[in-house]
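Engineer:
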Amino acid sequence: MPIELSKIEELAPDQGSLAAAAKLKKPGPWSLLGCDSAGLIWGECQGSGSSPYRVMCSEADYGYKCTCPSRKFPCKHSLALMWMRADGAIPFTQGTAPDWVNDWLARRKPGASGAKQAAPADKPKASAAQAEIVEQPEREDPKAAARAAAQRERNRAEREASILAGLDELDTWISDALQAGLASFMPAAAERCRKIVQRLVDAKAPGLAGLVERLPADVFSAPEASRTDRLIERLATLHLVASAYRNQDRLPDAVKADIRQVIGWPVTREGLLADTEALRVRDRWMVVSTVVEVQADKLRRIETWLSRLGEGAAPRFAVLIDFVPVSLGKSGVTYTTGEVFEAELVFFRSPAPLRAVIAEQTGPTKSGGAWPQPPDDVAAAIGRLREILASRPWAGDMPFAARGARVVASGPSVWLTDAAGSISLPVRVDEDDAVLPLVGLDGIDVFGRWDGHVLSLGLCETPLGRWTAP
Amino acid sequence: MSAIDDAAMDSLARSFLLGTARNPAPLGTAFKDMATASDSLSELTALALLGQRMRFRKHGPPPAGSAVDVVEDARTIVPDAVRQRMRRLLSGKDTPASDIAALALADVLHRCRLRPHPFDVPRLAAFVKAHGDLLGAYAAAWAERGQERDERATGYFDSDALDATNWTSARPAARAEFIAALRTREPDRARELVEASFANDAAPVRVRMLSALAAGLSQADAPFLESLAKDRAPSVREEAQRLLKFIPGGAAAEGRLRDLIERTKSSNAGLLRRRKALTLELPANLQRAMHPGAVDPARRWAADEYAGIGLDAMAAAFGLPVADMIAAAAKDSALLALFARQASIERRFDVLVEIVRDHAADAWIDAIGTGEVAEFRDDATIDAWCAAALAPQLWPLLPYPMVLEGLYRFLRRPLPEPQARELLKSKAFASLRDASYPTAFLGWSCLVIAALMPPVLRSELQTAFSHLPPDETSRANLLLDCLTLLDPPQSSR
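Here the protein sequences line up with chains A and B, keeping their order. If you read the first sequence in the numbering used here, its first letter stands for residue 136, the second for the next number, and so on. If you read the second sequence in the numbering used here, its first letter stands for residue 169, the second for the next number, and so on.
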């Protein structure tokens, strides 16, 4: 898969990096330029340090790594390496990847070029928080293993007890809020939430703590008239999650697994890949939305929403979630809306499977054609949201795909309706007003993320061509 | 489990809002029909049920009054191939929307009756805001979005649809264009229309309308312009005073003529053949240009101060024919600048060509002045002016990019092909490849030259750019690509 210049431009953190990379686009600074048949390229570039920087890149998915200390990602060296490869003017020596390239490859997510050869050592990216790999020692003393297993079981039991205690505190906290009145809760919502968040973190329920942490911002982002309803919904969801966790033994396996993830029990990537009962779907996937959010814990949460292009039973959509430290700057988004790749996805267990990881990417990432028209009209698509909600009442963002929609405006508000205008969903209008050009267009095929209150559009096929969220 | 009615839910929500300590939750009432005993329901369970019910709320039609407020735009949307290039060229954080690339793109869109793709308009917000008038009705409406409705133009008429009855309802740029066009045909009628609507316009619009009257000034305009000496806006007063200077035979012009004569020293020069020599005495506080290629403040001062006095009037005051007056000022760059400006104003391109070819190849810099609005509104006049004023093969150096940019802002279109071809072959253009050319100006100069290049020579220019550092020419090449896709050479259309 040849590297495309347009993709390099998209990857560049700013114009200055591209300009700096252009100056390195000559053989002089490069003491080594190599490639292999699996789509890996690498090079050594003499920088200001005493030893040259080692730069490597995968042509299949534009993964990259450089040993320079730059805080820009990708750095100018990575950009220059890709650029030279795309230009083709400077020859790369065909050969076997050096050890330092293989080391990097082994640490990368599977599915990248050369993943198969490095499969035994495959690890996810360090950014895949909550899906961290637990190193498995190859040979262990049986007694030590038994001791370790017993210790793990003790830790697990302690954590279960701790979480249950935390859930009790959460219920007490909600009850107190109800008794005092939600009207008096709201002015001090941030402060009140902060205290229970700390307790839930101490109780080792980080997922639930995150839900509470987002509550004030979520409530105050709602229109003033509907803030009470939003608060009731959020508190209700918290209690529902707590209640479901307490009764997890009475729940179906998928719901049980899901509720444990919501509470904060980690599912390791390795564990998920090893889970033979986990849902696996091999197909072509189109990126239909990307979301980057900075969390309070200084991690950048990167969501890549995928639409399945082939025929087949559910799930039709998937979301990949990565976490990257904010300190690394603008990095981590390796997919652009509209790109297509073929891969096997493994879904986290859930009654409405959505979150997944790439088990194996079997083809290169390409710019795809048109997004296939969804089978549902707006009303049927809303029906699907209800189905998801019925099976997973604590669902957050849900995929929404409908054909033949219209976008209308009412003052500063924008709504997605069916052709007859009989049913509608409010659409998020960000500061840049990017959705406004859709107003007035008929027959839009739309993909968006529905958070229960507002639809965030990701991709639309319209009579004027494709619209993608910025 | 049966449905829970709205009234019961409202009272439950009200209880939660006010506090269940004082307003106990009506659990029995709200959940009386539920299969489980109502008294076993806790407040928390009721909360969970209420919250879940809210999440399953029905979605009705959009609110009454929602409408599809679409601005019709008859222009053609730009080709898909150019969209990404335009975004790259215009949306970078280091690319001000007012720069020359943005202006050149806006001009070509206007000339070719094209408009940006609607989906790109939000991404090009700064560009659209800066050049909304040139980008079609949709972009204009977007640029004006958020302003008070009464400040917004009520219609988006194309200029050819305007007439004396509806021109005041159009956008300021369209109005100015209409007045300028009418001025060339019926100067008095154009002035009367401006005069009639003058009191109702905001100061920036009044300045714009006055500027549109610049062509064809005569004594008939003097009363109106003199009446503006008491206008409440300084910018309007200044513009009126500026225009008064250009009225031949006017009082303002006569006063300045006297001052010019007093400042000009006339002497004899030559040994074998005695001839007149004119020298302008400059104000003592006027600084001279420090760098070659930069605009000389003395020349600018002379042209700004005395432009508007007719060439014939000046020649008569000096007692010389026009040709001899120019020859007498051959050693005085300030006077030549004044004569070049005046020749340009009077459309006396024969005089202009004499100044440029015989005395000052860079006199075009003075001829265009500082105005950003093209004084010449028809292509034939622009072609004639360029043929007279621009002789790139005589340029000793490539002018600084800000000066070249001034040329583009004056023309608002590419150079005629002969002058552009001459520029490409000139020593001045070749100096871009010299190591001595200031690196800081290289990228900017390339960008301006790209904007000035006519369609037929763009590929030749790109070939010439290939000999320059790629990082300095990348933006210029991108602009050339965009321009070629939007306005291809005639042969490839």
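Every residue, glycine too, gets a C-beta built ideally from N, C-alpha and C. These figures come from a predicted structure and were not determined experimentally.
Can you tell me the Cα-Cα spacing of A537 (chain A) and S365 (chain B), whole angstroms?
Structural biologist: Numbered from 1 along the first sequence, position 402 holds the residue referred to as residue 537 (chain A). Numbered from 1 along the second sequence, position 197 holds the residue referred to as residue 365 (chain B). Spanning the two alpha carbons is a distance of roughly 52 Å.
Engineer: Taking the Cβ atom as the reference point for each residue, do S526 (chain A) and A487 (chain A) lie within a distance shorter than 9 Å?
Structural biologist: By 1-based counting over the first sequence, the position of residue 526 (chain A) is 391. By 1-based counting over the first sequence, the position of residue 487 (chain A) is 352. Against a cut-off of 9 Å, the Cβ pair of A487 (chain A) and S526 (chain A) comes out as a contact.
Engineer: Who are the near neighbours of T188 (chain B) in its chain, counting only those whose CB is closer than 8 Å to its CB and skipping five residues on each side?
Structural biologist: The residue labelled residue 188 (chain B) in the question sits at position 20 within the second sequence. Contacts found: E211.
Engineer: Hey, does T447 (chain B) have any beta-carbon neighbour from chain A nearer than 9 Å?
Structural biologist: Reading the second sequence from its first residue, position 279 is the one you call residue 447 (chain B). By this cut-off, T447 (chain B) is not an interface position.
Engineer: What's the C-alpha gap between Q181 (chain A) and M219 (chain A)?
Structural biologist: For the purposes of this step, residue 181 (chain A) is taken as residue 46 along the first sequence, with counting starting at 1. For the purposes of this step, residue 219 (chain A) is taken as residue 84 along the first sequence, with counting starting at 1. Their Cα atoms are separated by approximately 16 Å.
Engineer: Who are the Cβ neighbours of D567 (chain A) in its own chain at under 7 Å, not counting the five residues just before and after it?
Structural biologist: Stepping through the first sequence from its first residue, residue 567 (chain A) is reached at position 432. P605.
Engineer: Near T641 (chain B), what residues of its chain come up, given a Cβ to Cβ distance below 6 Å and the 5 sequence neighbours on each side ignored?
Structural biologist: In the second sequence, the residue the question calls residue 641 (chain B) occupies position 473. The residues are C614, F633.
Engineer: Under 7 Å between beta-carbons, which chain A residues line up against T188 (chain B)? List them in chain order, please.
Structural biologist: Position 20 of the second sequence, counting from 1, holds the residue named residue 188 (chain B). Result: L313, Q314.
Engineer: Rank A:P547, A:L576, A:L480 by C-alpha distance to the C-alpha of P358 (chain A) and give the top, closest one.
Structural biologist: One-based indexing of the first sequence puts residue 358 (chain A) at position 223. Checking every option, the nearest Cα to that of P358 (chain A) belongs to A:P547.
Engineer: Between the alpha carbons of N368 (chain B) and A485 (chain B), how many angstroms are there, rounded?
Structural biologist: As a first step, residue 368 (chain B) is located in the second sequence; it is residue number 200 there, counting from the start. As a first step, residue 485 (chain B) is located in the second sequence; it is residue number 317 there, counting from the start. Distance between the alpha carbons of N368 (chain B) and A485 (chain B) is about 43 Å.
Engineer: The beta strand (DSSP E) with R584 (chain A) in it runs from where to where?
Structural biologist: For the purposes of this step, residue 584 (chain A) is identified with residue 449 of the first sequence, where counting begins at 1. Residues 579-585.
Engineer: Closer than 8 Å, Cβ to any Cβ of chain B: which residues of the region 305-338 of chain A, in chain order?
Structural biologist: Listed in sequence order: D306, I309, S310, L313, Q314, A315, G316, L317, A318, S319.
Engineer: Any heavy atom of the ligand NAP closer than 8 Å to the CB of H635 (chain B)?
Structural biologist: Among the ligands in the structure shown, none appear at all, so the ligand NAP cannot be discussed.
Engineer: Tell me which same chain residues have a C-beta within less than 6 Å of the C-beta of R221 (chain B), skipping the five on either side of it?
Structural biologist: The sequence position of residue 221 (chain B) within the second sequence is 53, counting from 1. If we look at R221 (chain B) and ignore the five residues flanking it on each side, it has no Cβ neighbours.
Engineer: Restricting to runs no shorter than 3 residues, where is the beta strand (DSSP E) found entirely within the region 199-233 of chain A?
Structural biologist: List check, beta strand (DSSP E) in window: 199-201.
Engineer: Can you find a CB in chain A that lies within less than 9 Å of the CB of V276 (chain B)?
Structural biologist: Taking the first residue of the second sequence as 1, we reach residue 276 (chain B) at position 108. No, V276 (chain B) does not count as interfacial toward chain A.
Engineer: Please tell me whether L600 (chain B) and L629 (chain B) are closer than 9 Å, where the distance is taken between their beta carbons.
Structural biologist: Numbered from its first residue, the second sequence carries residue 600 (chain B) at position 432. Numbered from its first residue, the second sequence carries residue 629 (chain B) at position 461. Going by C-beta atoms, L600 (chain B) is not nearer than 9 Å to L629 (chain B).
Engineer: Across the region 567-581 of chain B and the region 237-254 of chain B, are there enough close Cβ pairs to call them in contact, namely three or more that are closer than 8 Å?
Structural biologist: Too few Cβ pairs lie closer than 8 Å, so no.
Engineer: Within its chain, find whatever has a CB closer than 8 Å to the CB of A529 (chain B); leave out the 5 residues flanking it on each side and keep chain order.
Structural biologist: Along the second sequence, read from residue 1 onward, the residue named residue 529 (chain B) stands at position 361. The answer, listed in chain order, is A559, L562, W563, P564.
Engineer: Check whether the Cβ of P605 (chain A) lies closer than 9 Å to any Cβ atom in chain B.
Structural biologist: Here residue 605 (chain A) corresponds to residue number 470 of the first sequence, with the count starting at 1. Yes, because at least one Cβ of chain B sits closer than 9 Å to the Cβ of P605 (chain A).
Engineer: L303 (chain B) and L271 (chain B): beta carbons closer than 9 Å?
Structural biologist: The residue you call residue 303 (chain B) lines up with position 135 of the second sequence. The residue you call residue 271 (chain B) lines up with position 103 of the second sequence. No.
Engineer: Who are the neighbours of G587 (chain A) on chain B, taking C-beta pairs under 7 Å?
Structural biologist: Your numbering for residue 587 (chain A) matches position 452 in the first sequence. Going along chain B in sequence order, the residues near G587 (chain A) (Cβ under 7 Å) are R223.
Engineer: If we cut at 9 Å on Cβ distances, does F184 (chain B) have a partner in chain A?
Structural biologist: In the second sequence, counting from the first residue as 1, residue 184 (chain B) sits at position 16. Yes, its Cβ sits closer than 9 Å to a Cβ of chain A.
Engineer: Looking at the C-beta of D567 (chain A), does it have a partner C-beta in chain B at a distance below 9 Å?
Structural biologist: Stepping through the first sequence from its first residue, residue 567 (chain A) is reached at position 432. Yes, contact with chain B.
Engineer: Does the count of Cβ pairs from the region 386-399 of chain A and the region 313-326 of chain A closer than 8 Å reach three?
Structural biologist: Too few Cβ pairs lie closer than 8 Å, so no.
Engineer: Can you give me the Cβ contacts of F355 (chain A) inside the same chain, cut-off strictly under 8 Å, excluding the 5 residues immediately before and after it?
Structural biologist: As a position in the first sequence, residue 355 (chain A) is number 220, starting the count at 1. Only A324, R362 meet the Cβ criterion.
Engineer: Say whether the region 466-482 of chain A touches the region 413-428 of chain A, bearing in mind that this needs 3 or more beta-carbon pairs closer than 8 Å, one atom from each stretch.
Structural biologist: Result yes; three or more Cβ-Cβ pairs closer than 8 Å.
Engineer: Can you find a CB in chain A that lies within less than 9 Å of the CB of D248 (chain B)?
Structural biologist: Residue numbering aside, residue 248 (chain B) sits at position 80 when the second sequence is read from its first letter. Yes, because at least one Cβ of chain A sits closer than 9 Å to the Cβ of D248 (chain B).
Engineer: So with CB distances below 9 Å, who are the chain B contacts of S559 (chain A)?
Structural biologist: If you number the first sequence from 1, residue 559 (chain A) lands on position 424. Under the 9 Å cutoff, chain B gives H227, G228, P229, P230, P231, S234.
Engineer: Q144 (chain B) touches chain A at which residues, Cβ-Cβ below 8 Å?
Structural biologist: Any question about residue 144 (chain B) goes unanswered here, given that chain B covers just 169 to 661.
Engineer: Counting Cβ pairs, one atom from each stretch, are 3 or more of them under 8 Å apart for the region 290-303 of chain A and the region 325-344 of chain A?
Structural biologist: Yes, the region 290-303 of chain A is in contact with the region 325-344 of chain A.
Engineer: Can you look up F597 (chain B) in the DSSP assignment and give me helix, strand or coil?
Structural biologist: Locating residue 597 (chain B) in the second sequence gives position 429, where the first residue counts as 1. Helix at F597 (chain B).
Engineer: How about S435 (chain B) and A419 (chain B): are their beta carbons less than 9 Å apart?
Structural biologist: Numbered from 1 along the second sequence, position 267 holds the residue referred to as residue 435 (chain B). Numbered from 1 along the second sequence, position 251 holds the residue referred to as residue 419 (chain B). Not in contact: S435 (chain B) and A419 (chain B) (Cβ atoms no closer than 9 Å).
Engineer: Comparing the C-beta of T469 (chain A) with each C-beta of chain B, is any distance below 9 Å?
Structural biologist: Here the question's residue 469 (chain A) lines up with position 334 in the first sequence. Chain B, which has no Cβ nearer than 9 Å to the Cβ of T469 (chain A), makes this no.
Engineer: For a cutoff of 9 Å on Cβ pairs, would you count E368 (chain A) as touching chain B?
Structural biologist: Here the question's residue 368 (chain A) lines up with position 233 in the first sequence. Output row for E368 (chain A): interface = yes.
Engineer: Nearest to A608 (chain B) by alpha carbon, out of B:D639, B:Q409, B:R313, B:R225?
Structural biologist: Here the question's residue 608 (chain B) lines up with position 440 in the second sequence. Closest by alpha carbon: B:D639.
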